[in-house]
Structures are given as structure tokens and as C-alpha cells.
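**Q**
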Amino acid sequence: EVVGWRSWGDTYGGVGDGQLRPNQCVTIAITPELFSPDHLAIAIREIGVKLAGPLGIRTLSPDDPSYRPYYDNNNRGFDRAVAHGFNYHQGPEWVWCMGFYLRARLESERVTSRTIDRDWYHKVLSLHREYIKGNPYQGLPELTNEGGRFCEGSCPTQAWSSGCLLEFLTALKVYEQ
Numbered sequence: 002e003v004v005g006w007r008s009w010g011d012t013y014g015g016v017g018d019g020q021l022r023p024n025q026c027v028t029i030a031i032t033p034e035l036f037s038p039d040h041l042a043i044a045i046r047e048i049g050v051k052l053a054g055p056l057g058i059r060t061l062s063p064d065d066p067s068y069r070p071y072y073d074n075n076n077r078g079f080d081r082a083v084a085h086g087f088n089y090h091q092g093p094e095w096v097w098c099m100g101f102y103l104r105a106r107l108e109s110e111r112v113t114s115r116t117i118d119r120d121w122y123h124k125v126l127s128l129h130r131e132y133i134k135g136n137p138y139q140g141l142p143e144l145t146n147e148g149g150r151f152c153e154g155s156c157p158t159q160a161w162s163s164g165c166l167l168e169f170l171t172a173l174k175v176y177e178q
């Protein structure tokens, strides 16, 4: 196999840390041919169960002992796990990754010739629509804390968060033609 099952971003012969992270969403969305249909199904299921939040994708699985889902860049303490924003990659939910996860799921459906579940996609995106309506900047944030909770250290509106979802919507439209 070209790609291992646990750490999808670790290519054959590479050194991986075995942590479940959202990187494979990008790889699957752009190059699904690197994966067998079975591996795609496993990856999408794992990401959906362990990494997907309401608006974004966790940067690390809650199963990992290094998981720290509350980002606070103002923490000037001495806890090396979270102080000075160290945990930026250790659990907060990045909104831009949701676009790649949705594209990866769509690619999995395309490769396995499954019918796309438009209702499921609309349900996921309805949370983003509601967030945009309530955001004075009319956009999506950089990241959220666990469960989509507000993150004070996050940029309130970040272009790539919206852009990645727009890329997914474009891919969905192309797929349906």
C-alpha cells in the first residue's frame, strides 16, 4: 500500500508519529487515487468520528494524550502543553480543514460510486451559514475550541475558512453535472 491506515499522511518508507490529524483530508481531496476504496472509507469514517467538529476539524484526535482542545494564545503560564499558544496544533478545530474534509468525503463517494448524501452536506453547511449570519464580519473564524466553542485567540473572519468551503461547493457542483 502507498499510504498507511493510521497516519494517512505518512507515505511508504516515511517516519510517522501515529497521531490522527486532519492532514489526510487535504491528501484525499487532491489525490484520492493514492488510496484504495477501502482505505478511503476507513479514513472518512475515522475523520468523521474522531476529528469532525461542528464548524471545523480537530487538529488532533481526542484519543491522543497530547490533545488540548482549548487554545489560549494569551496564556503566559508555565504549562508547556498549552502556554504561549503551544497547543495550536493539538486539538483546536480549524475551520478551513472542514472544506477539505467535505471534499475528501465527496471524493470517497465518487471513487466508490456511492450516491452523494446532499442532505448530510446541507446539514453540515447549515451550521456555517448560521455562524456567518451571526458574525458581524459575515465570515467564518480561523478556529474554534472544542465543540465549536468560541476561541478568543482566533481571527474572527479568515478568508481561507470560507474559501475552502467554497472550493467544496464548486467540487460538489462539478460532481453533480
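Residue numbers for the sequence shown, in the numbering used here: 2 to 178. Where a beta carbon is used, it is the ideal one built from N, C-alpha and C, also for glycine. Just so you know, these numbers come straight off a predicted model, no measurement behind them.
Thinking C-alpha only, which one of T113, T145, I29 is nearest N88?
**A** Taking the sequence shown and counting its residues from 1, the one referred to as residue 88 is at position 87. Checking every option, the nearest Cα to that of N88 belongs to T145.
**Q** Is it buried or exposed for V96, if we count other Cβ within 10 angstroms and need 16 for buried?
**A** Here the question's residue 96 lines up with position 95 in the sequence shown. When all chains shown are included, V96 counts as buried.
**Q** Within the same chain, show all residues whose beta-carbon is closer than 7 Å to that of G57, passing over the 5 residues directly before and after it, in chain order.
**A** The count along the sequence shown starts at 1 and reaches residue 57 at position 56. Answer for G57: E94, W95, V96, C98, M99, L144, T145, listed in chain order.
**Q** Starting from the N-terminal side, write out each stretch of the alpha helix (DSSP H) that is 4 residues or longer and does not extend beyond the region 93–169.
**A** Those alpha helix (DSSP H) runs which fall completely within the region 93–169 and span 4+ residues are 97–112, 119–135.
**Q** Should R77 be labelled buried (16 or more other beta-carbon atoms within 10 Å of its own) or exposed?
**A** If you number the sequence shown from 1, residue 77 lands on position 76. Exposed, because fewer than 16 other Cβ atoms sit within 10 Å of the Cβ of R77.
**Q** Where does R82 sit, in a helix, a strand or coil, going by DSSP?
**A** In the sequence shown, counting from the first residue as 1, residue 82 sits at position 81. According to the sequence displayed, residue 82 carries Ala and not Arg. Residue state, collapsed to three classes: coil.
**Q** According to DSSP, is R46 part of a helix, a strand, or is it coil?
**A** Numbered from its first residue, the sequence shown carries residue 46 at position 45. The answer is helix: DSSP assigns R46 an H, G or I state.
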